[in-house]
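S.K.:
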Amino acid sequence: MAALLAAEALLTLPVIEAEPLLEAISIAFPDPRWGSIISSMCLFAIPTVISGMVSPYCIRLLVRGIGSSGREAGLVYFVSTIGSAAGTIGTGFFLVLVFDVYRLIAMLAVISLLVAAVAASLSYQLRIRNDD
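Mapping the sequence shown onto the working numbering, position 52 (from 1) lands on 37, and the numbers just tick up by one.
1) Thinking C-beta only, is Ala(-13) closer than 8 Å to Ser108?
2) How far does the alpha helix (DSSP H) with Thr(-3) in it extend, from its first residue to its last?
3) Cβ atoms of Ala101 and Ala9: under 8 Å apart, would you say?
4) Is it true that the CB of Tyr62 sits closer than 8 Å to the CB of Leu(-11)?
5) For Ser65 versus Ser40, is the C-beta distance shorter than 8 Å?
6) Cβ of Ala105 within 8 Å of Cβ of Thr(-3)?
7) Consult DSSP for Gly50 and reduce its assignment to one of helix, strand or coil.
8) Throw me the rounded Cβ distance for the Leu7 and Ser24 pair, which I believe falls under 8 Å.
9) Apart from the five residues just before and just after Leu119, which ones in its own chain have a Cβ nearer than 7 Å to its Cβ?
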C-alpha cells in the first residue's frame, strides 16, 4: 500500500510544471471542452487509476476471513466517502481561497508521501515483530 501511495503522489507532482504541455494541448485542441478533457486525462489519468487501487488493496489487507469481508469493505468505503466529502468541501470552500492550485497539489502529494512512509514503517515493524 505504501508503494501505491508513493506512486500516486510522485506521478501527481509533474502537474505542477505542466504549463508547456497544457499550452501544446490548447493549441492542438482549440475547443475548450476537448482541451480540458484531454489535459485532465494527460495530467491525472494515471494518478487517479493508482489512487483507485488503494481502497481495494486496503480491504484485502484488512479481511481475515470471509465472515468479516463485508464489514471491512464497508468500513473502508465509509472512511473513503467521508474523506472525499471533507476534502471536496474543504478544498472548494476554504483551501482554494488560501493557496493556489499548484501549492495544493504539492501539499497533497507531500501528505500522500508521508502516509506512505508511515505505512512502510508500520509494515516493516510488523514484519520484524512477526519474525521474532
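Cβ coordinates follow ideal geometry from the N, Cα and C atoms, glycine included.
M.R.: Walking through what the data contain:
1) yes
2) Ala(-13) to Thr(-3)
3) no
4) no
5) yes
6) no
7) coil
8) 6 Å
9) Because residue 119 is not part of the residues shown, which for the chain are -14 to 117, the question remains open.
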